[in-house]
Amino acid sequence: PTSNVGYGVSSLTKVKHTHPMLSLGNVFDSVQLNNFVTEIIKKTGEVDLSLEYKYDGLALSLHYDKGVLVRAVTRGDGTEGEDVTNNSKMIANIPLQLKGDHPPEYLEVRGEVVVPRKGLELLNIQLVEKGLKTYSNPRNTAAGLIRNTDSAKLRNKPLAFYPYDCYGVDKNSVSASLDYLSDLGFDLFSKPKIVNSIEEINSFYQDTINDRDKISIDIDGLVIKVNDSSKHDILGTNSKEPKWAIAYKFPPVEKATKLKRIDWQVGRTGVVTPVGVVEPVNIGGAVIRNVSLYNANEVKRLNLSLGSHVVVCRRGDVIPKIVKCIRLLNSDVCHL
Ligand code: IVH
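For reference, each letter of the sequence shown is one residue, going 496 to 831 in the working numbering.
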């Protein structure tokens, strides 16, 4: 144990990003999507849009000097991240050396580190066998592993990197940048789909939602980008988000389960909060065991009883909650 002192405590070096790592604005329905696309057409006349999956992992920036991986930095607060170079070198599909005879002088590749759902399942089985704590979802796993202070611990872990952007080499379009990254040796999770109408976006969105369980990694929406790079400057960026790209988020996934009990947690300030303990249920790759109940009024409002059949939902990084209570005839419940 003495050699483990400091384990889990971050001793990673902070690094300032060359360009801020932006986030994305969100749209949740076709009306909001319509507004975004209409604005783009009005300002640029552009209709070619690139559709990509929105990977639910951890953003990473890779720096290549004359084709050699020299640094990997997490997103952090967007301005400054943490140096995770040694850990990134343990991710099998991150090229240590770019392919080809004429590597760029300097290239920065941005993308997402993800954990395939199957990989997480196997990892959790191994952890259970060793009597260790399991991971609750792929994103937390990616974040936890990549910030590990001991790179050796990442050996054979189910991590993968998928790029979505690069700096240092000018390409005419989003799709051309991705083709270029593929030529340099990066795996693309899927090729971007180029569309030019709202109908096409909605149809791809619906198809992707229907196939979501068949996709091996967690995705929480689509990213819609203006394909022509020259239009990016015209549209510009606000303080945190580019105006030439947006995330079209998927609706939250709901599943039915049963309320086992309610724990009352006392917070630092003395506030008592009810937390529902439910029969474990897998929602989009995450096993939900606890749900937020906010306060005693919420317990009343939902008309909860021990043993109640409930519908729970999980949306992105928000804590899962109970949407409603389903009353079944003759169900075996005990009133609180
Ligand atoms: S593009 C300037 N493309 O979503 C454009 N981001 O909510 C910046 N993300 O921090 C991002 N999949 O980590 C882009 N296909 C994708 C993405 C993607 C996942 C993440 C990214 C970013 C976050 C913003």
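C-beta atoms are modelled at their ideal positions from N, C-alpha and C, and glycine is treated no differently.
Residues sharing a beta bridge with Q760, DSSP: As computed with DSSP, Q760 is found in a beta bridge with T768.
For D723, name the three-state secondary structure that DSSP assigns. D723 falls in the strand class under three-state DSSP.
Going by C-alpha distance, which of A742, G731 and D728 is nearest G716? Here the closest residue by C-alpha is A742.
Hey, out of M585, V776 and S734, whose CA is closest to V748's CA? Checked all of M585, V776 and S734; the closest Cα to V748 is V776.
Quick check on DSSP: helix, strand or coil for D699? Asp is not the amino acid found at residue 699; the sequence shown has Phe there. In the structure shown, the three-state DSSP call for F699 is helix.
Please tell me whether, using a cut-off of 7 Å, the distance from the CB of A655 to the nearest non-hydrogen atom of the ligand IVH is below it. It does not: the Cβ of A655 is nowhere closer than 7 Å to a heavy atom of the ligand IVH.
Can you tell me whether P815 is buried or exposed, with buried defined as 16 or more other CB within 10 angstroms of its CB? So P815 ends up on the buried side.
Distance CB(A637)-CB(L654) smaller than 8 Å: Against a cut-off of 8 Å, the Cβ pair of L654 and A637 comes out as a contact.
Taking Cβ to Cβ, would you say S672 is nearer than 8 Å to D682? No; because the gap between Cβ atoms is not below 8 Å, this pair is not in contact.
Inspect the beta-carbon positions of T752 and V807 and report whether they are closer than 8 Å. A contact, by the Cβ cut-off of 8 Å.
At what residue ranges does the stretch 619–666 contain a whole run of the beta strand (DSSP E), taking only runs of 3 or more? Whole beta strand (DSSP E) segments, 3+ residues: 655–662.
Since I712 and V786 should fall inside the 8 Å C-beta cutoff, what is the C-beta to C-beta distance between them, to a whole number of angstroms? I712 to V786, Cβ: 25 Å. No contact.
Is the stretch 544–553 touching the stretch 683–693, taking contact as three or more C-beta pairs under 8 Å? Contact holds: three or more Cβ-Cβ distances are below 8 Å.
Are S724 and K666 closer than 8 Å when you measure CB to CB? Yes, the Cβ-Cβ distance between S724 and K666 is below 8 Å.
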